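K.L.:
Before anything else, here's the structure in question.
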Amino acid sequence: MDARGYSLKLVEAIRGGDPSDPVIRLGKYCIDNQVPVSDLAEYFGVTRATIYNWFFGRMKPRQKRLQLLEDTLKKLSA
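Residue numbers (our numbering): 46 to 123.
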């Protein structure tokens, strides 16, 4: 994983997360592809702090955003 732009602590949290968790899969994609957290926050209509909280497992996306997240992952893997 290329971790430029992401803290070591965040990369470790994502690497150590459950690979079946869509948030963790999104985190891995974003690290690998150098997608800034600010871009994610704008796309999902949340704050950067919310994205960090998702990645660290402090909170889960609400159903509406979880569905958008899963749909996005499907598009990215196609």
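All C-beta atoms, glycine included, are put in the ideal place defined by N, C-alpha and C.
All figures in this text were calculated on a predicted structure; none of them were measured in a lab.
1. With distances taken between CB atoms, is the gap from Ile96 to Val82 smaller than 8 Å?
2. Which of the three DSSP states is assigned to Thr92 in this structure?
3. With a Cβ-Cβ cutoff of 8 Å, do Leu114 and Pro64 count as a contact?
4. Are Tyr74 and Leu121 touching if we call contact CB-CB under 8 Å?
5. Measuring CB to CB, does Phe100 end up less than 8 Å from Ile59?
P.N.:
According to the structure data:
1. With contacts defined by Cβ atoms closer than 8 Å, Ile96 and Val82 form a contacting pair.
2. Of the three classes helix, strand and coil, the one that applies to Thr92 here is coil, per DSSP.
3. Cβ distance not < 8 Å, so Leu114 and Pro64 don't count as in contact.
4. Contact check for Tyr74 against Leu121 passes: the beta carbons are separated by less than 8 Å.
5. When the beta-carbon positions are compared, Phe100 and Ile59 come within less than 8 Å of each other.
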